[in-house]
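K.L.:
If you want the numbering used here, it's the 1-based position in the sequence shown plus 359. Glycine residues also receive a C-beta, built at the ideal position from the N, C-alpha and C atoms. None of these values were measured; they are calculated from a predicted model. My questions all concern the structure below.
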Amino acid sequence: MNGEERRKEILQMIKGNTVPISGTELSKKLGVSRQIIVQDIALLRAADYSILSTTKGYLLEASSPSITRTFKLCHTDEEIEKELNCIIDLGGRVLDVFVNHKVYGKIHAQMNIHSRKDIQDFMQNLKKGVSKPLKNITSGYHYHTIEADSEKTLDLIEQELKKIGYLLDKNI
Numbered sequence: 360m361n362g363e364e365r366r367k368e369i370l371q372m373i374k375g376n377t378v379p380i381s382g383t384e385l386s387k388k389l390g391v392s393r394q395i396i397v398q399d400i401a402l403l404r405a406a407d408y409s410i411l412s413t414t415k416g417y418l419l420e421a422s423s424p425s426i427t428r429t430f431k432l433c434h435t436d437e438e439i440e441k442e443l444n445c446i447i448d449l450g451g452r453v454l455d456v457f458v459n460h461k462v463y464g465k466i467h468a469q470m471n472i473h474s475r476k477d478i479q480d481f482m483q484n485l486k487k488g489v490s491k492p493l494k495n496i497t498s499g500y501h502y503h504t505i506e507a508d509s510e511k512t513l514d515l516i517e518q519e520l521k522k523i524g525y526l527l528d529k530n531i
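The structure is reproduced here in structure tokens:
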């Protein structure tokens, strides 16, 4: 078994457990030294796996699953804050905004709005007047990719955006 296969096996072993597995136990099961296991854990962490080290061994940190949905929207500049608050207050996170321009194609910008503070900062920057909202180059039509912890939350956001008249198409 090569290193990559061994690391996949380590992930499978700790992923399926609710109790920590010691480095010694992993090394015995995989037929390598405990030091190799320590190095493998370091490589897995570098690859963005959230592995916790406890006094009793290793655990894979449970991450809350997140899902995304893209909404097509249209509203005025004065309604931007209401739109963003609607999404955030219902538990969503605004990852980006993009438009489909008939000449330039898709124009995309990261937003990463997770809180009302982020919304206030964003609105302050718009009010400075240095730049106009991206949606204005397509007569108000734009898309947001929204992240949430459940389909139910995204459904609530969708219903509210529809209720206030900003939602155009269900999603893409």
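Less than 8 angstroms between the beta carbons of Val458 and Ile505, yes or no?
P.N.:
Taking the sequence shown and counting its residues from 1, the one referred to as residue 458 is at position 99. Taking the sequence shown and counting its residues from 1, the one referred to as residue 505 is at position 146. Cβ distance not < 8 angstroms, so Val458 and Ile505 don't count as in contact.
K.L.:
Please go through the same chain and pick out, in chain order, the residues whose beta-carbon is closer than 7 angstroms to the beta-carbon of Ile380, but skip the five residues on each side of it.
P.N.:
Here the question's residue 380 lines up with position 21 in the sequence shown. Closer than 7 angstroms at Cβ, skipping near neighbours: Met372, Ile373, Gly416, Tyr417.
K.L.:
Going by DSSP, what residue range makes up the beta strand (DSSP E) through Ala406?
P.N.:
Your numbering for residue 406 matches position 47 in the sequence shown. Note, Ala406: premise wrong, no beta strand (DSSP E); not H, not E.
K.L.:
Does the contact criterion of 3 or more C-beta pairs under 8 angstroms hold for the stretch 467 to 479 versus the stretch 425 to 433?
P.N.:
no
K.L.:
Can you give me the C-alpha to C-alpha distance between Leu520 and Met470, rounded to a whole angstrom?
P.N.:
As a first step, residue 520 is located in the sequence shown; it is residue number 161 there, counting from the start. As a first step, residue 470 is located in the sequence shown; it is residue number 111 there, counting from the start. Approximately 18 angstroms, taken between the alpha carbons.
K.L.:
Express the C-alpha separation of Tyr500 and Val378 in angstroms, rounding to a whole number.
P.N.:
Residue numbering aside, residue 378 sits at position 19 when the sequence shown is read from its first letter. Residue numbering aside, residue 500 sits at position 141 when the sequence shown is read from its first letter. If I take the Cα positions, the gap works out to 50 angstroms.
K.L.:
By the DSSP assignment, the alpha helix (DSSP H) with Lys465 in it spans what residues?
P.N.:
Numbered from 1 along the sequence shown, position 106 holds the residue referred to as residue 465. Note, Lys465: premise wrong, no alpha helix (DSSP H); beta strand (DSSP E) at 464 to 472.
K.L.:
With a threshold of 7 angstroms, establish whether the CB of Thr413 neighbours any heavy atom of the ligand GDP.
P.N.:
Although the ligand GDP was asked about, the structure shown includes no ligands whatsoever.
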